[in-house]
Each structure stands twice: as structure tokens, then as C-alpha cells.
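Presented below is the structure to which this report refers.
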DNA sequence: TTGATCGTTGATGGT
DNA sequence: CACCATCAACGATCA
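Residue numbers (full-length UniProt numbering): 1 to 672.
Below, the structure is given as C-alpha cells:
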């Protein structure tokens, strides 16, 4: 447990004006609505709830069908979330035996009116959340409270260093696109809030009876997580009523979710989060001189970074707590004249980037997570573009969650990437680590994201973002979409000629290939000379290592089981393309798209006429005059194209392989 | 206006 | 091992 906290500043200035009841007198029956703050230490919203001196305190988590069915959440993240909830619940109970986390199994928009009435609630307190869906959800709850004459207080700034909306305001109303802009805006707001101490006692919970309260069972379709559920298992977390099958507001089990055991070794909960923090802070050299680009993405047991990102996401670790604990180390080292690292590469720098993405997202809303209608996102005619709902309401033109297969080859590349079967061991090792452990190093994310988009497959960054959304423990839309746009060179970053090699990049940190030997066991015995390029190993060397390099990989399974051929030899796939050739194709594609210069909110992107601006032979679904995003699929178009004929696509690919000259001329195309 | 500089983390082939 | 120029060359910022 951390030592005593810094002096507490009153948080009153950080709250929204409460709405609803003006009357402060009388007994207060308060709901503290938990969402992104599954902790006791430094919870400004919990502190505010306690400052009301409630006669009854309800610690509520609403089990939101939006998260269960419409977000992509894999088994590992469910485990992390539910572990965090159980841990918080135990902490609440330890402060007051009547207390626990009350998991309410219904959408907040429908259940709040019932709870407010049933439990005689006078106040609702929760932490501000600037995610696009969260804003709409919270507006609805605030409105419900207003109508029912219940006071509601939205406490700002607990999730990020500064309130994202205030950052945007201080950045001229624009999304923060560089770390310098973020720092300047932050400086205008002022010092990061100091952390608050954990409460030492809690008031009792009130009556939690739900007698006569009917559960509104949510629509289970569409279920974006259907594919991840166990064979034959059904998602049933709403099956036992509002208070769950035992009627005790318990945390849903993996079984109820229709999920198998989590495979990740990284577990959730504030107790573990604080242990991790203590360990990081205790290593003063590490904390004081941390430089992200110098940490090895190949390191495992232990990893080269802190693994705190999932805890920041779920709020089991306070970002303010983290900031000030690091600052204390830096301060000490400065006084001792020891070297300290600086943003953007330092630990503080990492937290600043997170705030940069949150503020950028706050300014863009739903569109931050997609290309179409996103004014900061460059338009590139990527393979596997999303389908859109032009008339989605109230926000038009949102992506639907499905995509067009404009190229069967690209779809095959995507599946091989997703399952760690690309034939590039560095990429496959990372993707398998992601799937089994739910976490990979930041630079590993760079490697696989570059490979999928601008540095290999030329596949839409939204496809990659969706896979990360499902598999990452630390997934949060702001950072995920932001980083994907960064790596795809469509926003935040534009030096697309700086391209990560799937061979050289990993080798730089791990020439022996220890990382690959762990995560790609087929190659464990291969000589280090071939470990990053096994297709170059002579047959005799392959045989000696007990592996055969052949075929196109198995994308049916989870990508973490070893394939064998009829002779019992392990099989590892051949590389799915020639990387340097693909690199050239991608760079020329990016160069052309940059010259065309469209952004996601351009009318030509939305009506499909963007095609007329691209050369037909350019990479991606560029043929014809109109079609693709938001437009009518022309006759020649490759929409609906699971159907697109293999024979149409393959020759295009072959033509490229031979005709590098054509591409070089495209590459030299002048700008504007 | 324009040119120089810099930007979280490239690869290669030098010294 | 640290540092450098080259490769080809984006865009925001600032003098």
C-alpha cells in the first residue's frame, strides 16, 4: 500500500454544477456510480459522494449491454474487469461490512429511474467520461435525474490528467494533434490535481430490495462478441434478473458470459495495481530515467515497461497518483543531481500522450474511431474498408462493424495477421502474445500496426483497431484509435517512408530470437541465423529444428497451437508476401493519397466520388469513378465482393510483382 | 513568404 | 556501442 498522500486540495472547483434538487438539507441517499474508477485511492467522485454525508451509500455498477454486446471485448479483458470489480467490492466490504459493489444487470438508461425511485435516492455522483457513447449515456442519466428531482454531480478530471474538454478549449477548440499542443493547453489549466487519500470508513448501504421492479432484458443482437464465446455456450449475464442469479448483485462470472478461462497472466484489481506502482516507484533509476524508445519490445519475464496501462484504463490505478509518485522520484533525483528523463519519452510523457488522445477524441466524438467523417483523418483507399450507415441516428455515417472484402488476397492477409500466421516470426510472435496475454509492448504494437497498414498489407487501420479492441486488456478507444491513426500515417504522424521491417526491427533488440522462441514454438530450435526469416533456412536446417516452412498457415484456430504435417513435423507458414516489394507498393500508395489530399470529412469521400481522383491501378479499391465509402457501388466495383473473383485480383497482384516500373512512375508523381 | 528545424521510438551502412 | 549520413522527403512551427 502506498505511503501517505500529498495534501488534499478541495475538489469543489473540479465539479460540474449539480443539477436537480437545490435543497441540501435532509438525509442523503447517494448512488456512487462506478464506471472508469474501480478503486478506493484517489477517487474524486467517491470523495465527493462521501462529502455529502450520506445516510445511505449505494456503490453501483450498471452492467451495460452496450459493453456486453456492442463493444468488442475478449475473454481476457472480461477477466480483468471482473477481477477489478471483485477486488473493489472486497475493499468496500472491508471498510463497512454492509458495503459491496452492487452490479446492476440492466442498461443504465432504463434501470436508473427504477433504482432512484425504489431506493429513494437523493443524489447521484459519478466521474466524467468523454468517450462518445459515454457522453450520450451520461446525458441520458443526468436527464433522468433532473426529471426525478435527484441531484446529480459529474466529477471532472479523475480519468485523465486534465479534463479533455478543458484541454480542447485551451487548444483553441481544436483536437490536440501534437504533444506540444497538449502540454501548452495543460499548462494553461494548471498543475495536475494531487491525489486524494482513500476513505477510511464508509456509511452503510441502504435497503437494496428490488421487490416489484421488473428487469428490462436488453436486445442481444447484434452481438459483436459472438465469435469469441465458447462453442455452444450462450451469453447469459442478464438471465438471473437485475441482481443476478443469486440476487446478491454479484459480479457476473466468465461462465455467465459464455466465455472460457482467461489465458492472460496479467490480472486486474486495485490491490495488484498498487503493488505494480510500488515496484515501479521503488526502482528510482528506472522511474527517473525511463525512455520509452529505449525499452525493448522483445522483453518478457519481465517486460521492459510497467504494465500499468490496463489499470489506468479501468481506473484501478489513478493517473494522478501515478503522475505525482513519479514526480516525487524526479524531484529527489534533481536535488541529487542525478539524470532524469523528460517528456515525451519519460514516464510523464507516456501519460501526456494518453491525455493528448483523450482530448483529440473529445473534440471529434464518434468519428475519432473511424475514417469517414473524421476531419483529422487522411483518406487512404485502404483494402477491406468499413461499411457505413449513412442514416445512422443521431450521428450519421457511422461504421457498422462489418466491412467490404474488396480483395480476397487482402482478406487472407488480414486473417493471417490476426491469427499470427503471416510467416514473419516477429509479427506472428507479437500477435500470438497479444491473443494469449492481452498485452504487447508499445513498439510491438507499432510493428504489427505498420505491417497491417502502410508498411505491408495496405489494409484499413479500422480492421486492426477492431482486433486490438477485442484483445487488448488496456483498450480504450481514444488511445487505440489515436495510435492506429498514428501508425497508419493518417493523423498525428506523416513520415510514411519510415517503415518498420518485420525482420530488422525485432532483431535490433533480440538477435538471439528469445521472444520468437517463446511465442512461436515451431521455431524454438531454429538457428538464430534464420529465426527472423525461417523461409531462408535450408531444408536440412529446418529438419534439424523439427519444423517445415510451408503452406499458408491455419487461421481457423486461435493461432497459438502448433500445426503438424502428416510426418509429425511442426509446420510454420511461408511468408505471405515479399516485404520489400509490398513496402514499395504501400509507400507509393501513400504518396498518391497524400497528393490527392482528402480527409475523412470530405464530401468526395462520403459520396464515393473520391475514386475519380485516384489512378485505377493504384493500390486499394481504386478502380472506377465512384463507389466505396458512402457511395453507390458502381458496376465495376468490387463491393459485395466476398464475390470478387479471385481471377480478377490475382493478376493485379502479379502485374505488380513484375511491373515495378509502373509503380516507380506513380511514386514520382508530383504533389498538388 | 520562405527556408530551416523538429517531430515519442526506421533501415542501412558506414566511422 | 555511440554517433553519423544517406535514403526520400511529410507537415507544423517559427524565425
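All C-beta atoms in this analysis are idealised placements derived from N, C-alpha and C, irrespective of residue type, glycine included.
- Restricted to the stretch 396 to 428, the alpha helix (DSSP H) segments that are unbroken, complete and at least 4 residues in length are 408 to 418, listed in chain order.
- For residue 493, no alpha helix (DSSP H) segment is defined, and its DSSP state is neither H nor E.
- Taking all protein chains in view, the Cβ of residue 130 is crowded by 16 or more other Cβ atoms within 10 Å, so the residue is classified as buried.
- Secondary structure of residue 392 (DSSP, three-state): coil.
- By the neighbour-count criterion, in which a residue is buried when 16 or more other Cβ atoms sit within 10 angstroms of its Cβ, residue 108 is buried.
- The C-alpha of residue 201 lies about 43 Å from the C-alpha of residue 293.
- Burial state of residue 232 is exposed, judged by a 10 Å Cβ sphere holding fewer than 16 other Cβ atoms.
- In this structure, the beta-carbon distance from residue 110 to residue 216 falls below 8 Å.
- Note that the C-beta distance between residue 352 and residue 290 is not below 8 Å.
- Non-local C-beta neighbours of residue 85 in its own chain, meaning closer than 6 Å and more than five positions away in sequence, comprise 101 and 251, ordered along the chain.
- Between residue 156 and residue 170, the gap from beta carbon to beta carbon reaches 8 Å or more.
- For the stretch 454 to 498, the continuous alpha helix (DSSP H) assignments of 4+ residues that do not extend past its boundaries occur at 461 to 471 and 477 to 488, in sequence order.
- For residue 520 and residue 429, the gap between their C-alpha atoms comes out near 5 Å.
- Our two residues, residue 93 and residue 99, have alpha carbons roughly 5 Å apart in a direct line.
- When the alpha-carbon of residue 295 is set against those of 588, 544 and 508, the nearest one is in 508.
- The C-beta distance from residue 266 to residue 437 rounds to 7 Å, short enough to fall under 8 Å.
- The closest CA to that of residue 377, considering only 561, 139, 355 and 461, is found on 461.
- With three or more CB-CB distances shorter than 8 Å, the stretch 557 to 574 counts as touching the stretch 530 to 546.
- For residue 153, the enclosing beta strand (DSSP E) has its first and last residue at 151 to 155.
- Per DSSP, reduced to three states, the secondary structure at residue 62 is strand.
- Residue 194 is not a Cβ neighbour of residue 121, given a cutoff of 8 Å.
- Inter-segment contact for the stretch 267 to 275 and the stretch 306 to 316 is present: three or more beta-carbon pairs are separated by less than 8 Å.
- No Cβ-Cβ contact shorter than 8 Å links residue 383 with residue 629.
- If you draw a straight line from the Cα of residue 518 to the Cα of residue 34, it is about 38 Å long.
- Residue pairing by DSSP places residue 127 opposite 155 in a beta bridge.
- Linking residue 362 to residue 554 through their CA atoms gives a straight-line distance of about 40 Å.
- Between the stretch 214 to 229 and the stretch 68 to 82, the count of C-beta pairs closer than 8 Å reaches three or more; the two stretches touch.
- The DSSP assignment places complete beta strand (DSSP E) segments of no fewer than 3 residues inside the stretch 531 to 578 at 547 to 549 and 570 to 572, in order along the chain.
- Sequence-distant partners of residue 116 (beyond 5 residues in either direction) whose C-beta falls short of 6 Å from its own C-beta, in its chain, are 148 and 150.
- If you draw a straight line from the Cα of residue 524 to the Cα of residue 531, it comes to about 8 Å.
- Between the alpha carbons of residue 381 and residue 144 lies a distance of about 43 Å.
- A Cβ-Cβ distance of about 12 Å is found for the pair residue 500 and residue 586, leaving them out of contact under the 8 Å criterion.
- Looking at the DSSP output, residue 29 sits in a beta bridge with 56.
- A contact is defined here as three or more CB-CB pairs under 8 Å, and the stretch 354 to 370 meets this definition with respect to the stretch 174 to 192.
- For residue 443 and residue 547, the gap between their C-alpha atoms comes out near 28 Å.
- Between residue 61 and residue 103, the gap from beta carbon to beta carbon is short of 8 Å.
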